[in-house]
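**Student:**
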Amino acid sequence: MADEVLPDQGANSSRVEKQPLGVLLGVMTWNFPYYQIARFIAPNLLLGNTLLLKPASICSASALKVEKLLDQAGLPKGVHQTLLVDSSQIEDIIADPRVRGVSLTGSEGAGASVAAAAGKHLKKVVLELGGSDPLIVLGGDIDAVASTAARARLSNAGQACNSPKRMIVLDEFYDTFVDKLSAAFSAAVVGDPQDGATDVGPMSSTDARDELMELVDDAVGHGAHVLVGGYPREGAGAFMEATVLTDVTRDMRAWSEELFGPVAVVCRAADVDEAVALANETDFGLSGSVWSDDLELAEATARRLDVGMAYVNEHGTSLAGLPFGGVGRSGFGRELGDYGVDEFVNKRLVRVSDPVGPEQ
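Residue 179 in my numbering sits at position 196 of the sequence shown, and the numbers go up by one each step.
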């Protein structure tokens, strides 16, 4: 937040001040309803921006709870307001001249719509969209890597943009990895999230589950193999069995579309170059990871990934001090850290020079 002092460059002083832009609109998603709101609110309140929040329609209660907490904490009235509006009203809100910027976390379709509206009205926009994150296995303790990958993939019932969705494994480790991953998925208990024995809770809606099943069925219909799961859970609730797919090819929707649920795709790679090529063969670019006990090789490989966040021997790490965001169809701009604070700010240059003297 402090001014940045620049070289004088011919003046008495040159510096950059960080000033808030004003009113911002946040359009937030449902999969982490409290945390995602906090990611938008915290840095922008620090800057001095005022906030309008449009939560996902299926989790407005959490947004109202956050607003109540902010009121109880003493935030001045009107600095943060929850808008329970339909998505069709968002463009009109963006068009309001008082709104200076928009931050959206959500689907590609929603992101494209908001970006178009923001562009039309020349408003700053940050988009955090979907992902089809690769997880590349080059070596190490394969059993441990597979177990970790399973936990990461099934977290939040697989409903995370930065979950490892495509697991790319060198030939020499493939069978061992697939066996361990399949065993972990088979052992995962699907059920009531309030039950301490449950590993995988329900998806956000039956519609979301059915859309995921369409991708699985399309893959199977074109020759993919289901090693574990592959079906919705019978009975009430939006439950989906933890599923492992192999032999997914380019003619299947699962190759290019995001699998937003408890489904993992495992691919073979002959060598590091093929693994990187497969990892980058996507229009998404959120994050990716490389796993190996050869840290030099792993880091060099991670640097070849076309992503906004590259990890070695971890995946999906999101901390307040680390920038979060992607490239390509995963969006643009950053949340969190100094980078997130800097998104909706006027970086105003201030130069001070001596008074102009009499003409010579």
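Ideal placement from N, C-alpha and C gives every residue a C-beta, glycine not left out.
All values reported here derive from a predicted model rather than from experimental measurement.
1) I think Gly271 touches Pro117, with their Cβ atoms under 8 Å apart; what is that distance to the nearest whole Å?
2) For Ser275, which residues in the same chain have their Cβ closer than 6 Å to its Cβ, ignoring the five residues on either side in sequence?
3) Ala207 by DSSP, collapsed to three states: which one?
4) To which residues of the same chain is Thr284 closer than 7 Å at the C-beta, ignoring the five residues directly before and after it?
5) Would Leu66 pass as a contact of Lys37 if the rule is Cβ separation under 8 Å?
6) Taking the alpha-carbon positions, what's the Asp(-14) to Leu28 distance?
7) What three-state label does DSSP hand Trp13 in the structure shown?
8) Report, in whole angstroms, the separation of the C-beta atoms of Gln2 and Val328, which I expect to be a contact under 8 Å.
9) Suppose contacts are defined by Cβ-Cβ distances below 8 Å. Is Thr226 in contact with Gly213 by that definition?
10) Would you give the residue range spanned by the beta strand (DSSP E) that Leu137 belongs to?
11) So what's Gly271 in DSSP terms, helix, strand or just coil?
12) Measuring straight from C-alpha to C-alpha, what distance separates Glu50 and Asn32?
13) Per the contact definition of three or more C-beta pairs closer than 8 Å, is the region 240 to 249 in contact with the region 180 to 192?
14) Chain B beta carbons: is any one of them nearer than 8 Å to that of Ala225?
15) What residue range does the beta strand (DSSP E) around Val82 cover?
16) Note down, in chain order, each residue of its chain lying with its Cβ closer than 7 Å to the Cβ of Arg(-2), except the 5 sequence neighbours on either side.
17) In whole angstroms, what separates the C-alpha of Leu288 from that of Ala262?
18) Of all the options Asp337, Val82, Leu228 and Trp13, which has the alpha carbon lying nearest to the alpha carbon of Ala100?
19) Could you give the DSSP three-state label for Arg317: helix, strand or coil?
20) Among Gly291, Glu297 and His298, which has the Cα closest to the Cα of Arg317?
**Tutor:** Looking at the atomic coordinates:
1) 5 Å
2) Leu121, Gly122, Gly123 and Ala281
3) coil
4) Ile119, Leu121, Val255, Val259 and Val273
5) Lys37 sits close to Leu66, with the two beta carbons spaced by under 8 Å.
6) 18 Å
7) coil
8) 7 Å
9) yes
10) Run containing Leu137: none in the beta strand (DSSP E); it sits in the alpha helix (DSSP H), Ile125 to Leu137.
11) strand
12) Roughly 16 Å separates the two Cα atoms.
13) They touch, by the three-pair rule.
14) No chain B is part of this structure, which consists of one protein chain only.
15) From DSSP, the beta strand (DSSP E) with Val82 extends over Val82 to Thr88.
16) Asp(-14), Glu(-13), Val(-12), Leu(-11) and Val333
17) 7 Å
18) Val82
19) coil
20) Nearest C-alpha to Arg317: Gly291.
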